[in-house]
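Peer 1:
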Amino acid sequence: MLPTISVLMPVYNVEAYIWEAVESILAQTFTDFELIVLDDCSTDKTSDIVSTFSDSRIRYIKQPRNLGLSENLNTGIRMARGKYIARMDGDDIAVNTWLEKGKCVLDNNPDIGICSSGFEWFGSKKATVRFPEYNEDIKAQLLYNNAVIVPIIRTEVLIDNNLFYKTEAFPAEDYRMWAECIRATKIYNIQETLFFYRMHEKQICAARRDEQKKKVNEVRLFMLEYLNPNISDEDKDYFINNFAENKINSRKDIALLKKFARKLIEKNTTNKNFDEKALRRCFKKNIGISAYNFSINLFFTSGYSVGKYISFLKSMLFVHIPLKYNIRILYKTLF
Numbered sequence: 000m001l002p003t004i005s006v007l008m009p010v011y012n013v014e015a016y017i018w019e020a021v022e023s024i025l026a027q028t029f030t031d032f033e034l035i036v037l038d039d040c041s042t043d044k045t046s047d048i049v050s051t052f053s054d055s056r057i058r059y060i061k062q063p064r065n066l067g068l069s070e071n072l073n074t075g076i077r078m079a080r081g082k083y084i085a086r087m088d089g090d091d092i093a094v095n096t097w098l099e100k101g102k103c104v105l106d107n108n109p110d111i112g113i114c115s116s117g118f119e120w121f122g123s124k125k126a127t128v129r130f131p132e133y134n135e136d137i138k139a140q141l142l143y144n145n146a147v148i149v150p151i152i153r154t155e156v157l158i159d160n161n162l163f164y165k166t167e168a169f170p171a172e173d174y175r176m177w178a179e180c181i182r183a184t185k186i187y188n189i190q191e192t193l194f195f196y197r198m199h200e201k202q203i204c205a206a207r208r209d210e211q212k213k214k215v216n217e218v219r220l221f222m223l224e225y226l227n228p229n230i231s232d233e234d235k236d237y238f239i240n241n242f243a244e245n246k247i248n249s250r251k252d253i254a255l256l257k258k259f260a261r262k263l264i265e266k267n268t269t270n271k272n273f274d275e276k277a278l279r280r281c282f283k284k285n286i287g288i289s290a291y292n293f294s295i296n297l298f299f300t301s302g303y304s305v306g307k308y309i310s311f312l313k314s315m316l317f318v319h320i321p322l323k324y325n326i327r328i329l330y331k332t333l334f
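Here you go:
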């Protein structure tokens, strides 16, 4: 009897975390799964710890050589026997209803090929993250950054469309994968925390950040060309260095971002690969958040001038700066 879900867990030297990660899968309320632990030639005690579990649903694969994350995952996709494929790392923790709730979405929505959820960072960074819920909003957000994490995927979507992780996209291989998948299927994000995503120092070294930014920008351009393949080099440069970064250093920058947003909406009319209303929502939200952050910085750098701050808020109403947050910050600062 084949399992319904194949959980792929790529690991490399995660002896400090692997037990907790595996245990969180074995504790799932949905139990018809196989857990494929893909060990990319760990040199620590990762394999010893995995071997302490006697559960027959665990398949431990020791790679003959170090493949790197993308190809390690691809071997897992090829050997998965489940109708669905779930993917998590060996240092993260799944909420016990993760598989059950993701499977429910896919079972009841045959047009959806990927189901993700909200998550919480823990470790050296703490935050709760929610991505857009619906497919068209997710697609628009992918112009800026990744909007899918620890997904459950229809295996046939990957195999039928020859969708595998790109080795050259590392360390933004996930972002690239979903940017490709969004062209082949619909994505849905459950609006609740179903995962705890560990952040530790190995993940945030300066060298890796620089390489990741480079690879992220490559995916951003991939998405931009999906919106319209005939984007000028000048517009590509502004998109990467300003628009996608929501870069605001002055009021003029906000006007330029808004102008460029209108240009992208117009460019989208050629192929209409994006929903116009979703684009408008996405652009307003991203520009609005950056304008809000700029307004707070303006207040503090203008000698706590309430007059200048209120004047700025009035001039920026078109980007929907959340007034209640401005008032809250102002109140806490003054009183």
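Its first residue numbered 0, the sequence shown is counted upward by one per residue in numbering that gives the first Met the number 0. Yeah, the Cβ is synthetic: ideal placement off N, Cα and C, and Gly gets one too.
Helix, strand or coil, according to DSSP, for K276 in the structure here?
Peer 2: As a position in the sequence shown, residue 276 is number 277, starting the count at 1. The three-state secondary structure of K276, taken from DSSP, is helix.
Peer 1: Please confirm whether G67 and T166 have their CB atoms less than 8 Å apart.
Peer 2: Here residue 67 corresponds to residue number 68 of the sequence shown, with the count starting at 1. Here residue 166 corresponds to residue number 167 of the sequence shown, with the count starting at 1. The answer is yes: Cβ separation under 8 Å.
Peer 1: How many angstroms separate the CA atom of Q190 from the CA atom of V49?
Peer 2: Translated into the one-based positions of the sequence shown, residue 190 becomes position 191. Translated into the one-based positions of the sequence shown, residue 49 becomes position 50. Cα to Cα, the separation comes out at about 32 Å.
Peer 1: Can you check DSSP and say which residues form a bridge with V335?
Peer 2: With the chain covering only 0 through 334, there is no way to say anything about residue 335.
Peer 1: Going by DSSP, which residues form a beta bridge with W120?
Peer 2: Residue 120 sits at position 121 when you count from the first residue of the sequence shown. The partner list for W120 (beta bridge, DSSP) reads A126 and Y196.
Peer 1: Rounded to whole angstroms, what's the CA-CA distance from L142 to I264? Just pull it up for me.
Peer 2: Within the sequence shown, residue 142 is the residue found at index 143, counting from 1. Within the sequence shown, residue 264 is the residue found at index 265, counting from 1. Each residue's CA atom was taken as its position, placing L142 and I264 some 12 Å apart.
Peer 1: Which partner residues does F32 have in the DSSP bridge list?
Peer 2: Reading the sequence shown from its first residue, position 33 is the one you call residue 32. Bridge partners of F32: I4.
Peer 1: When we look at the beta-carbon of P228 and count the other beta-carbons within 10 Å, is it buried (16 or more) or exposed?
Peer 2: Taking the first residue of the sequence shown as 1, we reach residue 228 at position 229. Exposed, since its Cβ has fewer than 16 Cβ neighbours within 10 Å.
Peer 1: According to DSSP, is Y237 part of a helix, a strand, or is it coil?
Peer 2: Numbered from its first residue, the sequence shown carries residue 237 at position 238. The answer is helix: DSSP assigns Y237 an H, G or I state.
Peer 1: So what does DSSP say about D88, is it helix, strand or coil?
Peer 2: The residue you call residue 88 lines up with position 89 of the sequence shown. D88 falls in the coil class under three-state DSSP.
Peer 1: Classify A178 as helix, strand or coil using the three-state DSSP reduction.
Peer 2: Translated into positions along the sequence shown, residue 178 becomes position 179. The answer is helix: DSSP assigns A178 an H, G or I state.
Peer 1: Buried or exposed, going by whether 16 or more other CB atoms sit within 10 Å of the CB of E22?
Peer 2: Your numbering for residue 22 matches position 23 in the sequence shown. So E22 counts as exposed.
Peer 1: Between T30, V215 and D236, which has its C-alpha nearest W177's C-alpha?
Peer 2: To locate residue 177, count along the sequence shown from 1; it is residue 178. Measuring from the Cα of W177, the nearest candidate turns out to be V215.
Peer 1: Compute every distance between the C-beta of R175 and the non-hydrogen atoms of the ligand MN, then say whether any falls below 7 Å.
Peer 2: As for the ligand MN, it is missing from this structure, which has no ligand bound.
Peer 1: Excluding five sequence neighbours on each side, which residues of the same chain lie with their C-beta closer than 6 Å to the C-beta of A243?
Peer 2: Reading the sequence shown from its first residue, position 244 is the one you call residue 243. These residues qualify, in order along the chain: Y143 and R219.
Peer 1: I need the straight-line Cα distance from K213 to C281, nearest angstrom please.
Peer 2: Counting from 1 along the sequence shown, the entry for residue 213 is found at position 214. Counting from 1 along the sequence shown, the entry for residue 281 is found at position 282. Roughly 23 Å between the two C-alpha positions.
Peer 1: On the DSSP letters alone, give me the boundaries of the beta strand (DSSP E) that K61 sits inside.
Peer 2: Stepping through the sequence shown from its first residue, residue 61 is reached at position 62. I57 to K61 is the extent of the beta strand (DSSP E) around K61.
Peer 1: Would M8 and V36 qualify as a contact pair, given that the criterion is a beta-carbon distance under 8 Å?
Peer 2: Counted from its first residue, the sequence shown places residue 8 at position 9. Counted from its first residue, the sequence shown places residue 36 at position 37. Cβ atoms of M8 and V36: closer than 8 Å.
Peer 1: Between Y164 and S41, is the Cβ-Cβ spacing less than 8 Å?
Peer 2: Position 165 of the sequence shown, counted from the first residue, corresponds to residue 164. Position 42 of the sequence shown, counted from the first residue, corresponds to residue 41. Contact: no.
Peer 1: Our contact map puts N161 next to Y225 with C-beta atoms below 8 Å; I'd like the distance itself, whole angstroms only.
Peer 2: On the sequence shown, residue 161 is found 162 positions in, with the first residue counted as 1. On the sequence shown, residue 225 is found 226 positions in, with the first residue counted as 1. The pair is not a contact, with the Cβ atoms about 17 Å apart (cut-off 8 Å).
Peer 1: Which residue or residues does DSSP assign as beta-bridge partners of D38?
Peer 2: Counted from its first residue, the sequence shown places residue 38 at position 39. For D38, DSSP records a beta bridge to V10 and K61.
Peer 1: Could you have a look at Y143 and say whether DSSP puts it in helix, strand or coil?
Peer 2: Residue 143 sits at position 144 when you count from the first residue of the sequence shown. Note: Y143 maps to coil in three-state DSSP.
Peer 1: Note down the Cα distance separating S289 from A260, rounded to an integer number of angstroms.
Peer 2: The sequence position of residue 289 within the sequence shown is 290, counting from 1. The sequence position of residue 260 within the sequence shown is 261, counting from 1. The alpha-carbon atoms of S289 and A260 are separated by roughly 14 Å.
Peer 1: Going by C-alpha distance, which of D88, N71, F221 and N134 is nearest W18?
Peer 2: Position 19 of the sequence shown holds residue 18. It is D88 whose Cα lies nearest to the Cα of W18.
Peer 1: Output the boundary residues of the beta strand (DSSP E) element that contains R153.
Peer 2: Within the sequence shown, the letter at position 154 stands for residue 153. First-last of the beta strand (DSSP E) with R153: I151 to R153.
Peer 1: Taking C-alpha atoms, which residue in K82, K44, I247 and R208 lies nearest to V10?
Peer 2: Looking up residue 10 in the sequence shown gives position 11. Taking only the C-alpha atoms, the option nearest V10 is K44.
Peer 1: Please report the distance separating the alpha-carbon of L1 from that of K235.
Peer 2: Within the sequence shown, numbered from 1, the residue matching residue 1 stands at position 2. Within the sequence shown, numbered from 1, the residue matching residue 235 stands at position 236. The alpha-carbon atoms of L1 and K235 are separated by roughly 47 Å.
Peer 1: Is P131 closer than 8 Å to Q140 when the C-beta atoms are compared?
Peer 2: Here residue 140 is taken as the residue at index 141 of the sequence shown, counted from 1. Here residue 131 is taken as the residue at index 132 of the sequence shown, counted from 1. Yes.
Peer 1: Apart from the five residues on each side of it in sequence, which residues of its chain come closer than 6 Å, Cβ to Cβ, to F293?
Peer 2: Counted from its first residue, the sequence shown places residue 293 at position 294. These residues qualify, in order along the chain: I247.
Peer 1: Which of helix, strand or coil does DSSP assign to G67?
Peer 2: The sequence position of residue 67 within the sequence shown is 68, counting from 1. Three-state DSSP puts G67 in coil, outside helix and strand.
Peer 1: Look at the alpha carbon of I286 and the alpha carbon of I24, and state the distance between them as a whole number of angstroms.
Peer 2: For this step, residue 286 is matched to residue 287 along the sequence shown. For this step, residue 24 is matched to residue 25 along the sequence shown. I286 and I24: Cα-Cα distance of roughly 39 Å.
Peer 1: Alpha carbon to alpha carbon, what distance is there between S53 and D173?
Peer 2: What you label residue 173 is simply residue 174 of the sequence shown in a count that begins at 1. What you label residue 53 is simply residue 54 of the sequence shown in a count that begins at 1. Taking the straight line from one Cα to the other gives about 31 Å.
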